[in-house]
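If you're matching positions, the sequence shown starts at 47 in this note's numbering and goes up one per residue.
Glycine is no exception: its CB is placed at the ideal position from the N, C-alpha and C atoms.
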Amino acid sequence: MAINGSGGSAAKGMKMRTEAKTIVAVVAIVATGFATANAQAAETIKIRGNSPKTLRFDGPKEIKSGERLTIVNQTGPRRIGPHTFTLAAEKFIPSTGSELRTCIPDGPCGDVGKAHKIDPDTFAVGEPRVERGQTGFDAIFNSDHFGDSEFFGANAEELSRTVTVEPHRVLHFFCAVHPQMQGKIRVVR
Ligand SMILES: [Cu+2]
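Below you can see the structure in the form of structure tokens.
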């Protein structure tokens with residue numbers, strides 16, 4: 047009885063030590079996860095507004111090169127329609143009234159639509175993620191080439207990419223569906 051009892055508690059002790067080891071391992075994994083998250087911090091740009099006039103990108107002024115940039119669509123696609131988050135040269139982005147009016151279908155907005163392989167009849171999006179240059183946000187649309195762009199078709203859709211462009215650059219972006227939606231973010235070291 048005594049032997050069984052001591053054997054039982056030895057087994058119990060072993061089980062507890064195993065559990066303790068498991069807990070230590072879990073804590074270590076969680077801590078490593080946090081360290082990784084800190085090493086690659088993130089910034090978020092929100093797509094907001096409930097009418098064409100109030101639609102906008104809301105986000106930070108700066109992001110570090112190598113950080114993850116998340117874009118969250120907080121507008122209702124049924125009422126507002128889809129959006130794109132499109133990196134482009136500043137001069138590619140429409141600025142005057144007539145540039146804005148002619149952006150779709152033959153201007154820069156049309157080019158972004160072609161890059162996303164949007165069917166002009168069905169509006170089906172063949173390529174929701176346009177990835178040019180290195181993997182990540184680095185390539186910009188210009189008059190002669192496509193750049194990086196994301197298509198947002200569903201409410202509260204969230205997409206992210208690492209900013210892979212070198213520091214000391216300003217990334218300009220706009221929405222090819224609502225070209226008045228424009229913004230910029232400075233990439234720092
Ligand atoms: Cu838009």
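- The closest CA to that of T116, considering only S195, H214, P213, is found on S195.
- Looking at the DSSP output, F187 shares a beta bridge with A134.
- Within the same chain, and ignoring the five residues on either side of L146 in sequence, the residues whose Cβ sits closer than 7 angstroms to its Cβ are P140, P225, Q226.
- In terms of side-chain proximity, the C-beta atom of V223 is found nearer than 7 angstroms to a non-hydrogen atom of ligand 1.
- Following the DSSP letters along the chain, one finds D104 inside the beta strand (DSSP E) bounded by residues 102–104.
- Relative to the non-hydrogen atoms of ligand 1, the Cβ of L146 never comes closer than 7 angstroms to any of them.
- Distance check between H214 and each of T132, E108, N201 places E108 closest, using alpha-carbon atoms only.
- In this structure, F197 lies near P128, with their beta-carbon atoms less than 8 angstroms apart.
- Contact between T210 and T168 is ruled out by a C-beta separation of about 33 angstroms, above the 8 angstroms threshold.
- A residue is called buried when at least 16 other Cβ atoms come within 10 angstroms of its Cβ; T121 meets this threshold and is buried.
- Residue side-chain check: L115 keeps its Cβ at 7 angstroms or more from all non-hydrogen atoms of ligand 1.
- Within the same chain, and ignoring the five residues on either side of G156 in sequence, the residues whose Cβ sits closer than 7 angstroms to its Cβ are I150.
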